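Just so you know, the sequences run in chain order A and B. Take 1 as the starting number for the first sequence in the numbering used here and just add one per residue. Take 1001 as the starting number for the second sequence in the numbering used here and just add one per residue. Beta carbons are placed, not taken as given, at the ideal position from N, Cα and C, and that holds for glycine. Note that the coordinates shown come from a computational prediction; the quantities given were computed from them, not determined experimentally. Written below as structure tokens is the structure these notes are about.
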Amino acid sequence: RKEVEQDPGPFNVPEGATVAFNCTYSNSASQSFFWYRQDCRKEPKLLMSVYSSGNEDGRFTAQLNRASQYISLLIRDSKLSDSATYLCVVLSGNTPLVFGKGTRLSVIA
Amino acid sequence: EAQVTQNPRYLITVTGKKLTVTCSQNMNHEYMSWYRQDPGLGLRQIYYSMNVEVTDKGDVPEGYKVSRKEKRNFPLILESPSPNQTSLYFCASRDRESYEQYFGPGTRLTVT
């Protein structure tokens, strides 16, 4: 089983839609979780950290389910500028960050 | 401005011709990494370094070398590049405490 798995998409959604991505991780000892955003041919950038209690940043909500070992990202009221690839990232102990392959989102006018 | 810089940004070379991609960060980060990104395979870590003179292999180290003689620099060396090393390469750094990783703008390498 891969360490971090994501649905590659693409997710094609109309403007204004709500879209959710899930990501599963295999190491139950993982303690830190993040979502990164990568625009086409650009470098990945941190979108938000994921906390056990869940956290919200504007239209974006991240949640963690430790029992089922998955994290989610919810985007409300999608904008054209949200079109990107979203990378799930997991940290386990004093090891390098583990990146998922990413989920591609296209928001269509 | 806090940043990670990579050079060159684009490189076309021939099989077997040694090359170095430089990486530098100005944030005094302990951790630095090199990744390659290929369609359908995502980001794969080549090498990482947790501090000066400390380097470790990542998931795909074959055909690459690195060095960490100074905290700010982490060059990636391809002693004898081959066409299967054609890829988009990213350097990254992070502070041990914050976990946010900063990426360089990428180097697109083509080996013919």
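Counting along the chain, the unbroken beta strand (DSSP E) around A/T61 starts and ends at 60–65. Within the stretch 3–21 of chain A, contact with chain B at the beta-carbon level (separation under 7 Å) is assigned to no residue. At a cut-off of 8 Å between beta-carbon atoms, B/L1011 makes no contact with chain A. Sequence-distant Cβ neighbours of A/G9 in its own chain, meaning closer than 7 Å and more than five residues away, are T103, R104, L105. For B/Y1048, the closest Cβ of chain A is nearer than 8 Å. Cβ neighbours of B/W1034 within its own chain (closer than 6 Å, five residues either side excluded): I1046, Y1047, L1076, C1091. Taking all protein chains in view, the Cβ of A/A67 is surrounded by fewer than 16 other Cβ atoms within 10 Å, so the residue is classified as exposed. The Cβ of A/G54 sits no closer than 8 Å to any Cβ of chain B. The Cβ of B/S1033 sits closer than 8 Å to at least one Cβ of chain A. Taking a Cβ-Cβ threshold of 7 Å, the residues of chain B close to A/S32 are Y1099, in chain order. With 16 or more other CB atoms across the displayed protein chains lying within 10 angstroms of its CB, B/T1055 is buried. Between the stretch 1069–1087 of chain B and the stretch 78–98 of chain A, the count of C-beta pairs closer than 8 Å stays below three; the two stretches do not touch. Here B/F1074 is not near A/E43, since their CB atoms are 8 Å or more apart. Counting along the chain, the unbroken beta strand (DSSP E) around B/T1005 starts and ends at 1004–1007.
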